[in-house]
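K.L.:
Residue numbers (my numbering), protein chains in the order written: chain C, 2 to 697; chain D, 8 to 258. Note that beta-carbon positions come from the ideal geometry of N, C-alpha and C, so glycine has one too. The structure under discussion is supplied below as structure tokens; questions concerning it will follow.
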């Protein structure tokens, strides 16, 4: 029986190749995703381990508010204290923070995901993950060392002067070129390094606070040992972490930000390809089985039991699945390599290193590919095994052409319920969004079920102009489409799924855009918004809002910053602004209390957040800040509209003392009465350009 | 497996139908294809079944061969009552004890002649008996065509492959459904000659449905069906005597 299966496959090789292409692509995307993920993770891990090799222990603030919020500063004087700990070879302060470097054309370099960093140049090469590749280390006077990838991207060179936004503009001179280990950079991260004093002045904005202390162990002292000893010497609120652990954290951070985003995107592609593959395999096997019905009947007459016929078709699906999955596996490894090369080519420096192809990846790729093919092939196989032996002898149409009553009833019911649910839910209020989805899916399923019923009349109707225009050829085409409605419907279904998927993405993207626009429209009393123009990154100086407010064209200008706090151990994202001013430009829909009265020791909370925490206005809540200090804040007001400011709103006066780096993410402007929006926009743009991209 | 290696001295029935009735459909549109037919197909003999279209001759063959079920009555193959068998048992019985030759050759196009011949053995997971296979292949004169695909063979050659396939498993009984219907007269005569030799030389039992009096003349006896009943039968037929009988029945 197996030899027969193989021979049948050879006979249908072309059709099967076409079918298996879908499986190949699906498996290729899937394994490509897995291989790329594992490879990049391993490569980053290697890279971090290598560049941090000299750093045995890192001293830093113990309060961790997550990746989006830098840790609080620690006191510079601790460096000497740490250096005296037994087993410490060297200890050096490190400053890291936000810094956007402008390229030769005046535009910011990098961003859109990877962080834009500025900080101190660590003088001890053992403790510095960056290496000096060209030029010299910075020695003050706003001299900087910039990583090579950033310089290339910004068309800058050694000796150039440019502007760094921290977010206040600082004019810097490039005296050195650095590499991250041997790489031109770390992904798309830009890193501009000052001498320590400059870094503290511009980035840390403090004369005693630094970000962390890098510590090197003396010969024979292990990282764990040293971390324990240094930890004992530290005041409360600080921690000593081993270099290995920090490397792992860095890898995890990279993985959970851009790697996961990219991999999710690829996984989605893989899923769609596999979905389309399922349909196309089902379709192909249905056609093959229908063509071979007489042969199946012959085998049954000659003494093949049902199981043998079933198994022969399943074996065929299995073989197609295995061959396609293996091809997909190889293709996937190729895709991973290609993508990595592509990232490198567009200047997104990824660490070098071999491909990581784990057993898990291989098994997952093969199992998914084979399962998809099997599932899609098993129904046609069952159908093949049900053919009556007599069909081999009688010249009867083996395929049933009249659709069953059950199909008509079930299909119509599904389609009607689906369309009704969709309409009712779509015309109803927003809460029924899930019902719209359910209705749409039911409608699609109904359409698939009804396909064979409507295929004949539809082909007849749609084909009639073709038949009229193209004569004999057109008439034959129409008849062919009508003759086997099931096959016609199957082919159409595959196309339908493809179009449904494309529609899904288009509608999703459009909805996202629309709801974003709506959010801004709804809560916006303000006329203009100033932001950095970058997605997910960048910042503007809090000073900008003050300067804008002084313009005659502007009535009110409010800067809004973002940050993180900890409440009962949970990290919460907060917006930082002057609540009284904010209420003039944003309609927050205050439910209780008043934003105007918010001052020291208070905060405003969205209704939803207040409800989930069980807070009332007037209640005092202990809040931990990035610098590790905890303050009791009284809930001064609750508001309804939380889509722009989020669940928690802190007055700037409460936030500033604890802020690691005070950066606004946007400024909202209310235009003065009697001034046109266009005039105001011109004035605001001029000031914004002045403050953020040119030195004062 | 084969219980008949020589023409049976005492006439044992290889297959028999007892009050076999087959009704297609139900109610007023019901069609009676077989109407209480009782007949013995004697072992080691070549029996032809004749009759006009719709007489039930094909239905009779299908129910005796285990391809179709009866509405009433019994069919025995050897001493096995086919009505008591499940679909799977019936399939295995066809595989092990029945050979088929169809009008439209019915070979698997992707398999070579040899692979087609041993297909029932392969389905059973058996190795074909080499000596017997050579004998059968030699009998039908296919020794030099075994590696050819059906599409590379003439109609007569294809039907010879089908005959070899039917004989290769040493079945208890071979059913041939209009085996010469799609062949020219020379190829047809060859096929009938092979079936004849299978009975004479190998002791095979053959039942053949045909509407060709010349084909029927190769048989040991001819049954005539009309309207689902056996209406006549002729022993040691000749083309002339069969024709004669047909015209008398028709008139």
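Which residues bound the alpha helix (DSSP H) around residue 608 (chain C)?
P.N.:
Note, residue 608 (chain C): alpha helix (DSSP H), 608-614.
K.L.:
Give me the Cα-Cα distance between residue 602 (chain C) and residue 128 (chain C), rounded to the nearest whole angstrom.
P.N.:
Their Cα atoms are separated by approximately 40 Å.
K.L.:
Using 8 Å as the threshold, is the C-beta distance between residue 630 (chain C) and residue 562 (chain C) below it?
P.N.:
No, Cβ-Cβ distance for residue 630 (chain C) and residue 562 (chain C) is not below 8 Å.
K.L.:
Alpha carbon to alpha carbon, how far is residue 397 (chain C) from residue 323 (chain C)?
P.N.:
Caution applies to residue 397 (chain C), whose pLDDT of 49 falls short of 50 and renders its modelled position unreliable; the model cannot decide the point.
K.L.:
Thinking C-beta only, is residue 249 (chain D) closer than 8 Å to residue 263 (chain D)?
P.N.:
Beyond the ends of chain D as shown, which are 8 and 258, falls residue 263 (chain D); an answer cannot be given.
K.L.:
Could you tell me which uninterrupted beta strand (DSSP E) segments, each at least 3 residues in length, are contained entirely in the stretch 161-210 of chain D, listed from first to last along the chain?
P.N.:
Taking only runs of at least 3 residues, the beta strand (DSSP E) segments lying wholly in the stretch 161-210 of chain D are 180-184.
K.L.:
Residue 466 (chain C) versus chain D: which residues are under 8 Å apart at the beta carbon?
P.N.:
Those do not exist, as residue 466 (chain C) stays about 39 Å from chain D at its closest Cβ, beyond 8 Å.
K.L.:
May I ask which residues mark the beginning and end of the beta strand (DSSP E) holding residue 566 (chain C)?
P.N.:
Taken as a continuous stretch (DSSP letters only), the beta strand (DSSP E) holding residue 566 (chain C) covers 555-568.
K.L.:
Below 9 Å between beta carbons is the criterion; list the residues of the stretch 183-201 of chain D that meet it against any residue of chain C, in chain order.
P.N.:
Answer set for the stretch 183-201 of chain D: 184.
K.L.:
With a threshold of 8 Å between beta carbons, is residue 24 (chain D) in contact with chain C?
P.N.:
Judged by the 8 Å Cβ criterion, residue 24 (chain D) is not in contact with chain C.
K.L.:
Out of C:647, C:678, C:626 and C:646, which has the shortest C-alpha to C-alpha gap to residue 655 (chain C)?
P.N.:
Minimum Cα distance to residue 655 (chain C) is reached at C:626.
K.L.:
Note down, in chain order, every chain D residue with its Cβ under 8 Å from the Cβ of residue 305 (chain C).
P.N.:
Under the 8 Å cutoff, chain D gives 98, 102 and 130.
K.L.:
Need the endpoints of the alpha helix (DSSP H) that residue 664 (chain C) sits in, please.
P.N.:
First-last for residue 664 (chain C): undefined, no H or E at that position.
K.L.:
Rounded to whole angstroms, how far is the Cβ of residue 186 (chain C) from the Cβ of residue 132 (chain C), which I believe are closer than 8 Å?
P.N.:
Not really, about 12 Å apart at Cβ, beyond 8 Å.
K.L.:
Helix, strand or coil for residue 71 (chain C), going by three-state DSSP, please let me know.
P.N.:
Correct three-state label for residue 71 (chain C): coil.
K.L.:
Could you pull the DSSP bridge partners for residue 20 (chain D) from this structure?
P.N.:
Answer by DSSP bridge pairing, in chain order: D:49.
K.L.:
Within the same chain, show all residues whose beta-carbon is closer than 8 Å to that of residue 90 (chain D), passing over the 5 residues directly before and after it, in chain order.
P.N.:
Excluding residues within five positions, the ones whose Cβ falls inside 8 Å are 76, 77, 81 and 82.
K.L.:
Quick check: the stretch 303-317 of chain C against the stretch 62-77 of chain C, are at least 3 beta-carbon pairs closer than 8 Å?
P.N.:
The answer is no - the stretch 303-317 of chain C does not touch the stretch 62-77 of chain C, with fewer than three Cβ pairs under 8 Å.
K.L.:
Roughly how far, in whole angstroms, is the beta-carbon of residue 105 (chain D) from the beta-carbon of residue 73 (chain D), given that I think they are within contact range, below 8 Å?
P.N.:
Contact holds; Cβ gap of about 7 Å.
K.L.:
For a test of the three-state rule: what should DSSP assign to residue 229 (chain D), helix, strand or coil?
P.N.:
Residue 229 (chain D): strand per DSSP, three-state reduction.
K.L.:
Just checking my contact of residue 596 (chain C) with residue 610 (chain C) at CB under 8 Å: how many whole Å lie between their CB atoms?
P.N.:
Their Cβ separation, rounded to whole angstroms, is 15 Å, which puts residue 596 (chain C) and residue 610 (chain C) out of contact at 8 Å.
K.L.:
Would residue 295 (chain C) be called buried (16 or more neighbouring beta carbons within 10 Å of its own) or exposed?
P.N.:
By the neighbour-count rule (16 or more Cβ atoms within 10 Å), residue 295 (chain C) is buried.
K.L.:
Let me confirm a value: residue 49 (chain D) is counted as buried when at least 16 other C-beta atoms fall within 10 Å, else exposed. Which label applies?
P.N.:
Label assigned to residue 49 (chain D): buried.
K.L.:
Give the C-beta separation of residue 126 (chain C) and residue 211 (chain C) to the nearest angstrom, bearing in mind that I take them to be a contact with Cβ-Cβ under 8 Å.
P.N.:
The pair is not a contact, with the Cβ atoms about 19 Å apart (cut-off 8 Å).
K.L.:
Run through the DSSP bridge pairs and tell me what residue 481 (chain C) is partnered with.
P.N.:
DSSP output for residue 481 (chain C) lists no bridge partner at all.
K.L.:
Residue 559 (chain C) and residue 588 (chain C) - do their beta-carbons sit closer together than 8 Å?
P.N.:
Cβ atoms of residue 588 (chain C) and residue 559 (chain C): not closer than 8 Å.
K.L.:
Between the alpha carbons of residue 188 (chain D) and residue 391 (chain C), how many angstroms are there, rounded?
P.N.:
Approximately 18 Å, taken between the alpha carbons.
K.L.:
Measuring CB atoms only, is the stretch 30-38 of chain D touching the stretch 185-199 of chain D, in the sense that at least three cross pairs come out at less than 8 Å?
P.N.:
With the cut-off at 8 Å, the stretch 30-38 of chain D and the stretch 185-199 of chain D do not touch.
K.L.:
At a CB-CB cut-off below 8 Å, which residues of chain C make contact with residue 117 (chain D)?
P.N.:
Going along chain C in sequence order, the residues near residue 117 (chain D) (Cβ under 8 Å) are 5, 8, 9, 11 and 12.
K.L.:
Could you pull out every residue in the same chain whose Cβ sits closer than 8 Å to the Cβ of residue 501 (chain C), ignoring the five residues on either side in sequence?
P.N.:
The residues are 445.
K.L.:
Are the C-beta of residue 75 (chain D) and some C-beta of chain C separated by less than 8 Å?
P.N.:
For residue 75 (chain D), the answer is yes, since a Cβ of chain C falls inside 8 Å of its Cβ.
K.L.:
Which of the three DSSP states, helix, strand or coil, is assigned to residue 128 (chain D)?
P.N.:
Helix at residue 128 (chain D).
K.L.:
Would you mind listing the beta strand (DSSP E) stretches within the stretch 100-151 of chain D that are 3+ residues and don't spill past its ends, in chain order?
P.N.:
The qualifying runs are 105-108.
K.L.:
Given 7 Å as the limit, tell me if residue 177 (chain D) has its C-beta closer than that to any heavy atom belonging to the ligand ATP.
P.N.:
With respect to the ligand ATP, the structure shown offers nothing to examine, as it has no ligands at all.
K.L.:
Output, in chain order, the set of chain C residues within a Cβ distance shorter than 8 Å of residue 225 (chain D).
P.N.:
Those within 8 Å of residue 225 (chain D) in chain C number zero; the least Cβ separation is about 21 Å.
K.L.:
By the criterion of Cβ-Cβ separation under 7 Å, what are the contact partners of residue 244 (chain D) in chain C?
P.N.:
Going along chain C, no residue has its Cβ under 7 Å from residue 244 (chain D), so there is no contact; the nearest lies around 25 Å.
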